[in-house]
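Written below as C-alpha cells is the structure these notes are about.
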Amino acid sequence: MLSRVADSLYWMARNIERAENNSRVLSARLINMLEASDTDAVAERDWEEVIEICASFSDYKQEYSTFNPDTIVQYLAFQEQNPNSLANCIGYARDNAKSAREIIPHELWECLNECYWNSIDVDRQYWNLKEVDHLLREIKLMSFTTQGVIESSMTRDETYTFIQIGKWLERAEKTARILNVMCEKARKEAENPEAHHYYYWLAALQFVNGHDAYLKKYPPTISAKDVLAFLITDGTFPRSIQYCVNHVWDAVKDMEGGKVSHYSEELFDAIERVKIEFDEMKIKDLQMHELGEFLDQFQDHCNNIGRIFSKTYYLIEPADSSVGVMTQFQN
Amino acid sequence: MMEMDGKPKSHYEQFHDILNRFSVEDLHEKNETAQLSFLRQGITFTVYSDKTGTERTMPFDFIPVIIPPDQWEQIEKGMKQRVKALNLFLEDIYNDQQILKDGLIPRELIEDNPYYYKEQATGLKIPNDNHIFLAGIDLIRDHNGEYRVLEDNLRNPSGMSYVFQNRFVMRRVFPEFFNSHQICTLEHQLSNLHEALCSHAPENSEDKHHPIAVLLTPGSYNAAYYDHVFLAQQMGIELVEGRDLVVKDDCVYMKTIRGLHRVDIIYRRIDDDFLDPKAFNPESVLGVPGLLEAYRKGNVAITNGIGNGVADDKAIYAYVPDMIRYYLDEEPLIKNVETYFLRDKEAREHVLENLEELVVKNVGSSGGYDMLIGPHATKAEIELFREKIIQDPAQYIAQPTIKLSRAPAFQKERFYPCHVDLRVFVMGGKELKVLPGGLSRVALKEGSLVVNSSQGGGGKDTWVLKQGSDDSC
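Shown next, in the form of C-alpha cells:
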C-alpha cells in the first residue's frame, strides 16, 4: 500500500472518531444544560470543560471573551478557524477518504460523502439548536455506519489495520483528555468542601457513552476511583484507555506477523512502555494530582506513538489543502 | 428518435412504447433519483469558475441514444482505421518524418505546434510502437444522420467512468427498459483495458508477464479525479500522485509502507508539461524528476505516449483523412467535418465574408472556449472574431455550422430536442478495441450547440443493440 494512502486512511479514521466523540460531548452537554439549575458561574465552568475536551481552550479564549452557549456551539460545530470543529473534521475525513477512494469500500465513501453534504446544508450563521441536534445525531450515526461497513466488508489486511489503528489511538487519547480535564476540575473543586464531584464523573461517563456499561459493573453510586478505574484500565470496555492501547498493540503485531524487525523496533518499544505503565499502575492508590500527571503523560505517549507510527511506515504529513490544487486542463 | 412522420424510428420503438406507460410524475421522480445517486456516490467534476472550485455532478438525461448494429459496425471499423493511422503518424513524426518529406503536411504545422515535443519524444523505442493506449474520438451526426468526426483526443481523454456509471444508474432507476432490448454489455471492457495497458510492459521490466502498472493522477483536486479513481479501481492498479513516485538509478519506484516498489507502466493522466520537471516545465511540482530518462532507457513505459498532442489539435485534424489514405491506402470510413484553414488566403477571404454562417475555433483551445458560433453570435462578437482572425489567422480554423441531429431530453418535467455528440473510446494494446457505446453528451441548454460539461452539458447512456443472437459484444 502507498504510504500516502496509508496516511490518508489513518487520518480518515481519526477524523471520523474525533467527529463522533466531539458530537457526543456536545450533545451530552446540551442535554445537561436543560436541567442545570445552577448559577451562571457554574454553567460557564461546565462549558469551559467542553471546549477543553473538544478543541483548545486557549484558542477559544483568544477569539472570544464570553461563554455564551450559542457562540460555543458555533465554535465547536462550524467555525472554520477551529481545526477540530465538526464541520472541519467531516471535511478532512471526506478529503482523506477521497484520496484513498480506490481502495476503500464504496459504501464507506458514500456514507461520509452524504454526511458531508448534509452538514453543508446547515446554514453556518443562522442555525438553530434543533438543526444542530439533528446534525450531531447524524454524525454519530455516520460514524457507526462507517464502522459497520469497515467491519463487515473489508478484508483484514493493511488497509483495515491502518484504519483501526487511527481509530484506537484517537479514542485512547480522547478518553485520556476527558479524564484529564475532569481530574483538573475535581482537584480545583476539592478546595471547596461544599462541592460534590459526582457531576464530573457522571459527565465523563456520558461523554464516552459508558454510563450503561459502568452501571453493570459497579454499584449505582458514582465514585471517582471507580470511574477512573473503569475508564483507564477496564479490559472489556471498548473506550477504556487500556482496551484501546491493547488493540493498537495487537494490530501492529498482526501486521508485522508477530515479529519485531529493525524498522518496527521503536514502535513496539513505545507501545510496550505504555502497556507496562498500565500494569504497574494501581489507580486506586493514586492521588488525584498523581492521576492528572499520569494522564498528561499518557497523552504525550499517544502523540509519541502516533509520531513513531508515521515514521515506521513512511507516512507523510497530511497535505495542506492548497497544495496540489491544479488547474491544468484535461480534454 | 422520431421519423419525419412522427413515428419513432424502428430501433427506438420498444423504448418509446415503455416510455409511454409512465406518467410525467413517475418520470420526474425517477429522474430525481438518478441525479441524487450521482451526488451521493460523489461522481462529480470540479468547476473552476470560482477560486475554491465547486463540485458538481454532470446532469444525467435518462433517454438513451440507441445505435442499431449495422451503424455501430461502421463506426467501430472507422474508429479503428482512424486510430491506426494516427498512431502511424505519431511514429513517423517522431522518427523519419516521411509524411513531411512527401509534402503531405506542411512542415511548419508540426514544428510550430506547442504540443510537438521533438527533443523529448524523438527516436524513443516504445512498446508495440503504440503511442495511443486510450483515445476518445468525438463524433456528431449531421442532418442526414451520417456520423462525422468532430475531434480527436489522444492525450488524456476523460469520461470513460461516466459511460459505466450512466449505465449503472440507468439500470437501477429504469430496469423496465432493459428487459426488451438486447444491448451490448460493458462488463468485460475494463479487463480489456487492463490487458491493453499491461501489453505495454517496457523492455527492461523485471517480470514482463506480470508488469506493475499504476495510474498517475494530479490529485483529488483535479476536475477528472473521479475518472482516475474509477479506472484505477476497476483495473486493480494503484492510483498514484507524483509525490508517490521516485526515480532511482533510472528506474521508477512507488513509496509504500514497506519501502520502495518498482513500477513498470505508468498510465499518466497529467499533461506532458507537468510530467518531469527535469525534461519539461521546471516549475511543475506534480511530476516525477527523472521520469523521462527512465522512459528513454526502457525501464518504464508511459501511456499515452509523450507528445501525442501534435496529432490531435484542430489544425492537424483536417489532415487525418489524408493520413488514412497515405499510411493505410484506404478511404476514410467516417468523414471529417469540412474545415477551412484560415492561413490560406482564399479560405480566409471566404470565411471572413461568411462569418455569420460558420463556426470558428481556436486550434489550441478546447472545451468550448474561444469559439464563435456564427448563427448564434451578436454583431459585436462577429466583429471581435474578425479582428482575431486577421491578427493571427494561423491560430483559427472554421467549419460550416452543421445542422446537428437532435435527440430528445427530459429535464424539468418535460421533453425537448437537444444536440448530442458521442465520444467513442478506442483502446490500443496488441490490437485495437472499441468500447461498445461511449459517452453521449447533450447540450441541455435549449438551442445550445455546446455539449461540453463545463458549459452546462449533460450525459446520456448509449446503447449499442446486438445483431440477432450476436454474443461478440
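Listed in order, the protein sequences are those of chains E and P. The working numbering puts the first residue of the first sequence at 325, with every later residue one more than the last. The working numbering puts the first residue of the second sequence at 1302, with every later residue one more than the last. For glycine and all other residues, C-beta sits at the position ideal for the given N, C-alpha and C. In this text, all values refer to a predicted model and were calculated from it rather than measured experimentally.
At a Cβ threshold of 8 Å, is residue i touching chain P?
i, result
"E/ASN339", "no"
"E/LYS601", "The question names Lys, but residue 601 of chain E in the sequence shown is Glu. E/GLU601 does not count as touching chain P."
"E/GLU434", "yes"
"E/TRP492", "no"
"E/ARG480", "no"
"E/LYS583", "no"
"E/ASN412", "no"
"E/SER327", "yes"
"E/GLY423", "Residue 423 of chain E is actually Ser in this sequence, not Gly. With 8 Å as the cut-off, E/SER423 counts as an interface residue toward chain P."
"E/GLN405", "no"
"E/GLU426", "yes"
"E/ALA330", "yes"
"E/TRP335", "no"
"E/ASP578", "no"
"E/ASN442", "no"
"E/GLU376", "no"
"E/GLU438", "yes"
How many whole angstroms separate the CB atoms of residue i and residue j, which I take to be in contact at a CB cut-off of 8 Å?
i, j, result
"P/LYS1761", "P/PRO1365", "6 Å"
"P/MET1728", "P/LEU1435", "6 Å"
"P/ASP1430", "P/GLU1392", "5 Å"
"P/ASP1362", "P/ALA1744", "The Cβ separation is near 11 Å, so there is no contact."
"P/GLY1446", "P/ILE1635", "Going by Cβ atoms, the distance from P/GLY1446 to P/ILE1635 rounds to 13 Å, so no, they are not a contact pair."
"P/TYR1697", "P/VAL1664", "7 Å"
Taking residue i as part of the alpha helix (DSSP H), name the residues at either end of that continuous run.
i, result
"P/GLN1490", "1490-1499"
"P/THR1763", "From DSSP, P/THR1763 is part of no alpha helix (DSSP H) but of the beta strand (DSSP E) over 1758-1765."
"P/VAL1652", "1646-1654"
"P/TYR1527", "1526-1536"
"E/ASP536", "535-541"
"E/VAL397", "393-401"
"P/ARG1742", "Counting along the chain, P/ARG1742 falls outside any alpha helix (DSSP H), though it belongs to the beta strand (DSSP E) covering 1740-1744."
"P/ASN1663", "Taken as a continuous stretch (DSSP letters only), P/ASN1663 belongs to no alpha helix (DSSP H), being part of the beta strand (DSSP E) at 1659-1663."
"P/GLN1296", "Nothing about residue 1296 of chain P can be read from this structure; chain P reaches only from 1302 to 1774."
"P/HIS1312", "From DSSP, P/HIS1312 is part of no alpha helix (DSSP H); its letter is neither H nor E."
"P/GLN1336", "1325-1341"
How would you call residue i, buried or exposed, if buried means at least 16 neighbouring beta carbons within 10 angstroms?
i, result
"E/ALA330", "buried"
"P/HIS1432", "buried"
"E/LEU503", "buried"
"E/ILE444", "exposed"
"P/LEU1487", "buried"
"P/THR1358", "buried"
"E/ALA669", "Here chain E comprises residues numbered 325 to 655, so residue 669 of chain E is not present and cannot be evaluated."
"P/LEU1766", "buried"
"E/THR479", "exposed"
"P/ASP1550", "exposed"
At least one CB of chain E closer than 8 Å to the CB of residue i: is that the case?
i, result
"P/THR1334", "no"
"P/ALA1776", "In the structure displayed, chain P extends from 1302 to 1774; residue 1776 of chain P sits before or after that span and is not available."
"P/ASP1545", "yes"
"P/GLY1343", "yes"
"P/VAL1530", "yes"
"P/THR1259", "No statement about residue 1259 of chain P is possible, as the shown extent of chain P runs from 1302 to 1774 and does not include it."
"P/GLN1421", "no"
"P/GLN1534", "yes"
If I follow the unbroken beta strand (DSSP E) through residue i, where does it start and stop?
i, result
"P/GLU1250", "Within the shown structure, residues of chain P are numbered from 1302 to 1774, placing residue 1250 of chain P beyond reach of any answer."
"P/CYS1485", "That residue, P/CYS1485, is in no beta strand (DSSP E); it is neither H nor E in DSSP."
"P/TYR1717", "1715-1729"
"P/ALA1708", "1707-1712"
"P/VAL1547", "1546-1549"
Could you check if residue i belongs to the surroundings of the ligand ADP, using beta carbon to heavy atom distance under 7 Å?
i, result
"P/GLY1608", "Annotation note on the ligand ADP: not contained in the displayed structure, which lists no ligands."
Got a sec: is the Cβ-Cβ distance from residue i to anything in chain C below 8 Å?
i, result
"P/LYS1615", "The structure shown contains no chain C; its protein chains are E and P."
- Query: Per the contact definition of three or more C-beta pairs closer than 8 Å, is the segment 1705-1719 of chain P in contact with the segment 1742-1749 of chain P?
  - Reply: yes
- Task: Assess, as a yes-or-no matter, whether the segment 420-433 of chain E is touched by the segment 388-406 of chain E under the definition of 3 or more beta carbon pairs within less than 8 Å.
- Result: no
- Query: Does the segment 336-345 of chain E come close enough to the segment 490-505 of chain E to have 3 or more Cβ pairs within less than 8 Å?
  - Reply: yes
- Count the CB pairs spanning the segment 1463-1481 of chain P and the segment 1560-1580 of chain P that are closer than 8 Å, and state whether there are at least three. no
- Query: Any contact of the segment 405-417 of chain E with the segment 433-448 of chain E, i.e. 3+ C-beta pairs under 8 Å?
  - Reply: yes
- Spell out a yes or no on whether the segment 1378-1395 of chain P and the segment 1444-1459 of chain P are touching, meaning 3 or more CB-CB pairs, one atom from each, closer than 8 Å. yes
- Does the count of Cβ pairs from the segment 1392-1409 of chain P and the segment 1679-1690 of chain P closer than 8 Å reach three? no
- Query: Within the chosen definition, does the segment 1700-1707 of chain P reach the segment 1437-1448 of chain P through at least 3 CB pairs nearer than 8 Å?
  - Reply: yes
- Message: Is it the case that the segment 1498-1506 of chain P contacts the segment 1598-1605 of chain P, given that we only count it when at least three CB pairs across the two stretches are under 8 Å?
- Response: yes
- Do the segment 527-537 of chain E and the segment 583-598 of chain E make contact, defined as three or more Cβ pairs closer than 8 Å? no
- Between the segment 1527-1534 of chain P and the segment 1461-1469 of chain P, are three or more C-beta pairs nearer than 8 Å? yes
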